[in-house]
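Asks:
Numbering (my numbering), first residue to last: 129 to 1122.
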């Protein structure tokens, strides 16, 4: 036995070792795959020269071969004053041209929660980064609310600080703070890195972001670069080293190449692991297969390119991407257009990408710098965005300014083609792959390989979505902004966008707008069947017309979430085919109703669905729905399915209340008992009531509870008739023996009180119910109860109820006690509820509820309304909920539908000028406000919004003002004296004391 035992132990030990080895292999394989996982570009945005303020405009510029170089704008500096063709003249530039963008002084600080005063001091580069980053996230369909506290990293290239020379707020113009502000404002908790490797900064950022994503340090990455030319200083410096072209143009690979054209702009991309992008249903623009970064190392000069290092970085990128050189069909060159750099770059490219390349398939090489100039820290990102657009359009834009190829390159021996005009991007070896180079002036080189989205990934994405079996006859579009003016501008943008791209599917547009945009206080919801109707409604909204299916509202900044009360309808609301359209078109509704039918099967003779949706035949079950044994479970099932549909859209109640039968559904969703137990109870209730003798009556009386109670007492009929419901201040229902009810009704009518007989099978909530109570109690005792997880207002007590509802005794009493609806509504109102959603087949409770509360109080929304298309009614109420500030789960709303994210207009920032004043401006302002000064140094008193119990002052001081400050010098520099600080402190103290 011992030998057998030992053998078994050895076998067990061997199996454990094998399992451990296999687990280690699996982990190693996972790690290796992660290291090389492709990275998806899921969003982009840009501001580039030539008015290329969005992706479509930038593509048109590239497509049409536009030269975006212009004279220096007069609002930057007087180009004539600083110009001299002699490069050796001190303080002058030999060029008056460059690539510039518009309105760099404009910003929308309030959108980002920045005060106007602070905005003036923030470098426009950082302001531009904020806006373009926001636009890139919108292009990616990512909302900041979903990214808050996420592992989202930021890598931004910035190399210049021109604005700092105009101002002197050190903190706000620190580059790391400029980039850090992005993570701060968006609530991102991944790494945040400001990069400066000069011209290669933004492409190095791409490389680092890919590493961060592959290592799991980030789940999303924002990468880009920015460059603004705000003063002539940087241009003067570049002219001194003869780096710039006199005509401001990059004549890349041309014999006339004489330096680069200085330019400005900003670009940002959003990156994700490819597997995550596919899983999340993102719109993938292109795929990063691999990247590499190195340095020139020892060369003939730190600014001199090193061809060997360039070859190495390209080769390493190919190795990382597991690609062969001949698979790359296009190269976006660094291409600054210098006599020294161009030949070195093209020869390095040919040495690597020329290997084993078929003669009839030359490598096409171009450079975006010939269009827009050299954006320095943003150069790499401009190249990347160009290539992504070219891959999407399957066209290669023309390379400009190539008249005579550089004679220092043996072009005839190189398998390279420079496109002089727009050409189709044909490629025998699918998919299309492009290389991108970016080389820093200080020697840091970056290379990247970009691939179009392969067909198999497109197919994989399509398979990830279910087939759209359920067609929606109506769609809802939601838009929101921070101001009314911005909302109107956004509406206009959507109109224009749809007219430009009429092929867009309305379902895709609504899905992208609803799920991929942040929600603000100025809101609009539009319901339409097709794009034409939607555009027309947008036009009419702009014109101020009131329309069905168009809702707008401005929310207040209360800081509290909108509270919704769900009201579950009682008996009498049933009708044949209620919910049938939802059952046919809404998978969530259908699943819930099917589940109810399954659970009710042991309790009902006929299946629930046959009762709800009978076939119209001579032997159909069309009359069963009015038999209370079926009415009650049918209403329960319908209301439960409606609740689950609303819940799947993120619409969740803060409190629930039901009317009679409706309280069973309210208790179920509140967690008092399970769905199975709830259906068991309601089925028993209906069956036992159905088994009672017929003959009772119910009458609605237009009088108060007190008046009706007095009548019952005066006629001594309280043993035969009871108050069944108090539905309003002047609306009471009586129920009981038919003869006694008729007698009371006659008495009331003789007093001029209106009455109405109700069409019911039995006299509910009356003494006639007592014979069933014992048997119902036995069923109720077989149910497991819990305390409500959602606040619940009781019919019996008209108050919020706790553990008292969790007993069989409560539900027995519920059958006999009156429905205290009016008191329950008052209780809801006292708790601050003014938004009511009825969960039922008819909006019965809404009408009664209005009578219970003060006039014009409350928003009353039905789920269904007879005679109105069911889906339309659901959307009408959903639109109202949205504009009231209710948080809608739009992803859940479209979860069962095959929708795609598409490019849509971005937020219309409401920009105004925010610019630091020059020294002369400070002097002028100081002189102008001298009358307000409390003290020559302390200046004038000021106040800040939200700051109380503090004294603050502002003063404009400089080396020349006050004049005596210029006399206090150390090493010939004017220094603010310590005594002056003490003087200011004393002056502030005196002001406070006095």
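C-beta: ideal position from N, C-alpha, C; glycine also. Everything numeric in this text was worked out from a predicted model, so none of it was measured.
Where does the unbroken beta strand (DSSP E) through residue 988 begin, and where does it stop?
Replies: Within the chain shown, residue 988 is the residue found at index 860, counting from 1. Note, residue 988: beta strand (DSSP E), 987-990.
Asks: Report all residues from its chain with a CB closer than 6 Å to the CB of residue 411; omit the five preceding and five following residues, and keep chain order.
Replies: Counted from its first residue, the chain shown places residue 411 at position 283. Correct list, in chain order: 1029.
Asks: Please work out which residues of its chain come closer than 6 Å, Cβ to Cβ, to residue 555, disregarding the five sequence neighbours upstream and downstream, and give them in chain order.
Replies: Within the chain shown, numbered from 1, the residue matching residue 555 stands at position 427. Once the five neighbours on either side are set aside, the close Cβ partners of residue 555 are 457.
Asks: Less than 7 Å between the C-beta atoms of residue 494 and residue 527, yes or no?
Replies: In the chain shown, counting from the first residue as 1, residue 494 sits at position 366. In the chain shown, counting from the first residue as 1, residue 527 sits at position 399. Against a cut-off of 7 Å, the Cβ pair of residue 527 and residue 494 comes out as a contact.
Asks: Which residue comes first and which comes last in the alpha helix (DSSP H) that contains residue 800?
Replies: Within the chain shown, the letter at position 672 stands for residue 800. Residue 800 -> no alpha helix (DSSP H), and no H or E assigned at all.
Asks: Using the beta-carbon count (16 or more within 10 Å), is residue 1099 buried or exposed?
Replies: On the chain shown, position 971 is the one that residue 1099 refers to. Exposed, by the Cβ-count rule.
Asks: Helix, strand or coil for residue 459? Go by DSSP, reduced to three states.
Replies: The residue given as residue 459 occupies position 331 in the chain shown. In the structure shown, residue 459 sits in a strand (DSSP, three-state: E or B).
Asks: Just tell me which of 935, 773, 1033, 693 has its CA closest to the CA of residue 608.
Replies: Here residue 608 refers to the residue found at position 480 of the chain shown. Per the Cα distances, 1033.
Asks: State the Cα-Cα distance for the pair residue 363 and residue 418, rounded to the nearest angstrom.
Replies: Mapped onto the chain shown, residue 363 falls at position 235. Mapped onto the chain shown, residue 418 falls at position 290. One C-alpha to the other measures close to 35 Å.
Asks: Counting along the chain, where does the beta strand (DSSP E) carrying residue 176 start and finish?
Replies: Position 48 of the chain shown, counted from the first residue, corresponds to residue 176. It is not in any beta strand (DSSP E) - residue 176 carries neither H nor E in the DSSP assignment.
Asks: Tell me whether the stretch 567-580 and the stretch 215-231 touch, counting them as touching only if at least three CB pairs, one residue from each stretch, are closer than 8 Å.
Replies: Flag = no, the stretch 567-580 and the stretch 215-231 do not touch.
Asks: So what does DSSP say about residue 1048, is it helix, strand or coil?
Replies: The residue you call residue 1048 lines up with position 920 of the chain shown. In this prediction, residue 1048 has a pLDDT of 40, which is less than 50 and means its spatial position is unreliable; what the coordinates show is noted afterwards. Of the three classes helix, strand and coil, the one that applies to residue 1048 here is helix, per DSSP.
Asks: In terms of residue numbering, what span does the alpha helix (DSSP H) encompassing residue 848 cover?
Replies: Position 720 of the chain shown, counting from 1, holds the residue named residue 848. Here residue 848 belongs to no alpha helix (DSSP H), and DSSP marks it neither H nor E.
Asks: Once the 5 residues before and after residue 772 are set aside, which same chain residues still bring their CB inside 8 Å of it?
Replies: As a working mapping, residue 772 is identified with position 644 in the chain shown. Excluding residues within five positions, the ones whose Cβ falls inside 8 Å are 716, 717, 719, 720.
Asks: Could you give the distance in angstroms between the alpha-carbon of residue 465 and the alpha-carbon of residue 389?
Replies: If you number the chain shown from 1, residue 465 lands on position 337. If you number the chain shown from 1, residue 389 lands on position 261. Using only the alpha carbons, I get a separation of about 9 Å.
Asks: When you compare only the Cα positions, how much space is there between residue 914 and residue 765?
Replies: Numbered from its first residue, the chain shown carries residue 914 at position 786. Numbered from its first residue, the chain shown carries residue 765 at position 637. Taking the straight line from one Cα to the other gives about 21 Å.
Asks: Helix, strand or coil for residue 596, going by three-state DSSP, please let me know.
Replies: Numbered from 1 along the chain shown, position 468 holds the residue referred to as residue 596. Low confidence applies here, because residue 596 scores a pLDDT of 46, under 50, leaving its location unreliable; read the following figure in that light. Coil at residue 596, not helix or strand.
Asks: Under a three-way DSSP split, which group does residue 327 fall into?
Replies: Translated into the one-based positions of the chain shown, residue 327 becomes position 199. Helix at residue 327.
Asks: Since residue 690 and residue 1014 should fall inside the 8 Å C-beta cutoff, what is the C-beta to C-beta distance between them, to a whole number of angstroms?
Replies: For the purposes of this step, residue 690 is identified with residue 562 of the chain shown, where counting begins at 1. For the purposes of this step, residue 1014 is identified with residue 886 of the chain shown, where counting begins at 1. Correct: roughly 5 Å between the Cβ atoms.
Asks: Output yes or no for whether 7 Å exceeds the beta carbon distance between residue 391 and residue 508.
Replies: Within the chain shown, the letter at position 263 stands for residue 391. Within the chain shown, the letter at position 380 stands for residue 508. Cβ distance not < 7 Å, so residue 391 and residue 508 don't count as in contact.
Asks: Pull up the DSSP beta-bridge partners for residue 124, would you.
Replies: The requested residue 124 is not part of the displayed model; the chain covers only 129 to 1122.
Asks: For residue 1016, which of helix, strand or coil comes out of DSSP?
Replies: The residue labelled residue 1016 in the question sits at position 888 within the chain shown. Three-state result, residue 1016: coil.
Asks: What span of residues does the alpha helix (DSSP H) with residue 184 cover, start to end?
Replies: Residue 184 sits at position 56 when you count from the first residue of the chain shown. Looking at the DSSP string, the run of the alpha helix (DSSP H) that includes residue 184 is 183-191.
Asks: Pick helix, strand or coil for residue 839, following the three-state DSSP scheme.
Replies: In the chain shown, residue 839 corresponds to position 711, counting from 1. The answer is helix: DSSP assigns residue 839 an H, G or I state.
Asks: Identify, in the order they occur along the chain, each residue of the same chain with its Cβ nearer than 7 Å to the Cβ of residue 932, setting aside the five sequence neighbours on each side.
Replies: Taking the first residue of the chain shown as position 1, residue 932 is located at position 804. So the qualifying residues of the chain are 938.
Asks: On the DSSP bridge list, what partners appear for residue 786?
Replies: The residue labelled residue 786 in the question sits at position 658 within the chain shown. Its beta-bridge partners are 696.
Asks: If I follow the unbroken alpha helix (DSSP H) through residue 494, where does it start and stop?
Replies: To locate residue 494, count along the chain shown from 1; it is residue 366. Not the alpha helix (DSSP H): residue 494 falls in the beta strand (DSSP E), residues 491-494.
Asks: Leaving out five residues on either side along the sequence, give the residues of the same chain with a beta carbon under 7 Å from the beta carbon of residue 317.
Replies: Residue mapping note: residue 317 aligns to position 189 of the chain shown, counting from 1. Taken in chain order, the residues that qualify are 277, 278, 279.
Asks: Between which residues of its own chain and residue 943 is the CB-CB distance below 6 Å, once the five residues before and five after are set aside?
Replies: Position 815 of the chain shown, counting from 1, holds the residue named residue 943. Here the set comprises 897.
Asks: Report all residues from its chain with a CB closer than 8 Å to the CB of residue 78; omit the five preceding and five following residues, and keep chain order.
Replies: Here the chain has residues from 129 to 1122 only, and residue 78 is not among them.
Asks: In whole angstroms, what is the alpha-carbon distance linking residue 592 and residue 409?
Replies: One-based indexing of the chain shown puts residue 592 at position 464. One-based indexing of the chain shown puts residue 409 at position 281. Only weak support is given to the placement of residue 592: the predicted model assigns it a pLDDT of 47, under 50, and the value that follows is read from those uncertain coordinates. Taking the straight line from one Cα to the other gives about 8 Å.
Asks: Do the CB positions of residue 574 and residue 355 come within less than 7 Å of each other?
Replies: Counting from one through the chain shown, the residue named residue 574 turns up at place 446. Counting from one through the chain shown, the residue named residue 355 turns up at place 227. No; because the gap between Cβ atoms is not below 7 Å, this pair is not in contact.
Asks: What are the boundary residues of the beta strand (DSSP E) that includes residue 1082?
Replies: Counted from its first residue, the chain shown places residue 1082 at position 954. Where residue 1082 is concerned, the enclosing beta strand (DSSP E) stretches over 1080-1082.
Asks: What are the partner residues of residue 575, as DSSP defines its beta bridges?
Replies: As a working note, residue 575 is residue 447 in the chain shown. According to DSSP, residue 575 bridges with 420, 565.
Asks: Helix, strand or coil: how does DSSP classify residue 348 here?
Replies: In the chain shown, residue 348 corresponds to position 220, counting from 1. The answer is strand: DSSP assigns residue 348 an E or B state.
Asks: If you follow the alpha helix (DSSP H) that residue 606 is in, where does it begin and where does it stop?
Replies: As a position in the chain shown, residue 606 is number 478, starting the count at 1. Residue 606 -> not in any alpha helix (DSSP H); beta strand (DSSP E) instead, spanning 603-609.
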